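Numbers 357 to 655, taken from the numbering used here, label the letters of the sequence shown in order.
Yeah, the Cβ is synthetic: ideal placement off N, Cα and C, and Gly gets one too.
Given the structure is predicted, the values throughout are model-derived calculations rather than measurements.
These notes concern the structure reproduced below.
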Amino acid sequence: MNVQRLPSDFIGLSKVMPPLSRRGFMSSSAAAAAGYTLAAGPVRADAIQTDTKGLKAGMADVKVTGGNMPVYYARPENVQNPPVILVCMEVFGLHEWVKDITRRIGHLGAFGVAPNYYFRSETNGTDLTKFGVEDLPKLFPIVNAKKDEELIADLDATVAWAKSQGGNTNKLGIIGFCRGGRNVWHYSTHNPNLKAGVAFYGSIVDKSDAAPKNTLELAGEVKEPVLGLYGEADTGIPPDQVKQLEAALKAAGKTAEFHEYPGAPHGFVADYRPSYRKEAAEDGWKQMTAWFKKYGVLS
């Protein structure tokens, strides 16, 4: 078996220093009421709140093997045929921060859609968004059991649904964070219709029975330009791994760029938790937007 005891993303998540005090953070009850995951640790009281003004946003179901997969979407109102950007979530389920990110994508003029591809585990009453830090040992086997072929099929179904709702899948992009960043790399080896992708601190060397090849081994199969955004202080994905991936993509003649942020840990874009680094996160969002404009996802 190709199994690591603890994947890179969990190492990076677990080794971000917690706050020294609870000042500046929501109570657990307030954070849960607001819809944030508690498994990632304390939730910042000043987490970014993105409104739905000018957007049509909400939950929907997408038919996939095994049932109806919940998705959260946000798209500009009264815009015909907007570009489509898939949002691949972290390991914590479809919680409020993932929805907020999707609304931010909507405000860029795209049809953002975030599928809950862990929903099959949740049909048994296991809601990942309700997990606390003490439940992390239960979370590992659920997310690590997600097979690449099932993930790819779920994302394909999400793209088809967005097209059926008027999205322009000829201008298709994908973003992802943490395990979702890894999913960007892996889905990018499959769908030739992707115009561009952006992977935020996606793991590079992890593989398992469910994902028998890692990102590094799949580099030669990437089909579209991908931007990798990483933190130099990520304890799970050190800079030498990023350099290996960059070299493998270059050797394969692929279009890819990387930005590494000094002092930034794993999860530096996650403005709801202590790993957030404002300057790096804002620059990463700017780099992402420019990348999508450069390769024709956003106008």
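Assigned with DSSP and collapsed to three states, Ile508 falls in helix.
Along the region 539-606, the beta strand (DSSP E) occurs as fully enclosed runs of 3 or more residues at 550-556 and 582-587, listed in sequence order. Look at the region 459-506 and you find these whole runs of beta strand (DSSP E), each 3 residues long or longer: 467-471.
For Leu369, the three-state secondary structure derived from DSSP is helix. With a cutoff of 7 Å on beta-carbon distance, Glu635 and Cys534 are scored as not near each other. Spatial neighbours of Arg400 in its own chain (CB-CB distance under 8 Å, excluding positions within 5 residues in sequence) are listed in chain order as Gly380, Phe381, Met382, Asp627, Tyr628, Arg629, Pro630 and Tyr632. In this model, Pro439 and Val515 are separated by some 11 Å (Cα to Cα). A residue is called buried once 16 or more other Cβ atoms fall within 10 Å of its Cβ, and Gly522, having fewer, is exposed. Bounds of the beta strand (DSSP E) holding Ala430 are Gly423 to Pro432. For Asp639, the CB contacts under 8 Å within the same chain, skipping 5 residues up- and downstream, are His615 and Tyr617 in chain order. In this structure the region 483-490 does not lie against the region 422-434, because fewer than three pairs of beta carbons, one per stretch, are closer than 8 Å. Counting along the chain, the unbroken alpha helix (DSSP H) around Ala637 starts and ends at Lys634 to Lys650.
The straight-line gap separating the alpha-carbon atoms of Lys409 and Leu464 is approximately 12 Å. Scanning Lys599, Lys579 and Pro581 for the CA closest to the CA of Gly587 turns up Lys599.
Contact between Leu450 and Tyr428 holds: CB atoms are separated by about 6 Å, below the 8 Å threshold.
CA-CA distance, Asp407 to Pro621, rounds to 28 Å.
DSSP places Ala389 outside any beta strand (DSSP E); the residue lies instead in the alpha helix (DSSP H), whose first and last residues are Ser384 to Ala389.
A Cβ-Cβ separation of about 6 Å places Leu572 in contact with Ala604 under the 8 Å criterion. Inclusion of Ala513 and Arg459 in the CB contact set at 7 Å is not warranted, their separation being larger than that value. Where His615 is concerned, the enclosing beta strand (DSSP E) starts and stops at Ala612 to Tyr617. For Met445, no beta strand (DSSP E) encloses it, and the DSSP letter there is neither H nor E.
Non-local beta-carbon contacts of Asn424 in its own chain, meaning distances under 6 Å to residues more than five positions away in sequence, involve Asp417 in chain order. The continuous beta strand (DSSP E) containing Asn524 extends over residues Asn524 to Phe533. Here Pro581 is near Tyr651, since their CB atoms are less than 7 Å apart.
Annotation: the continuous beta strand (DSSP E) that includes Gly414 extends over Leu411 to Val420.
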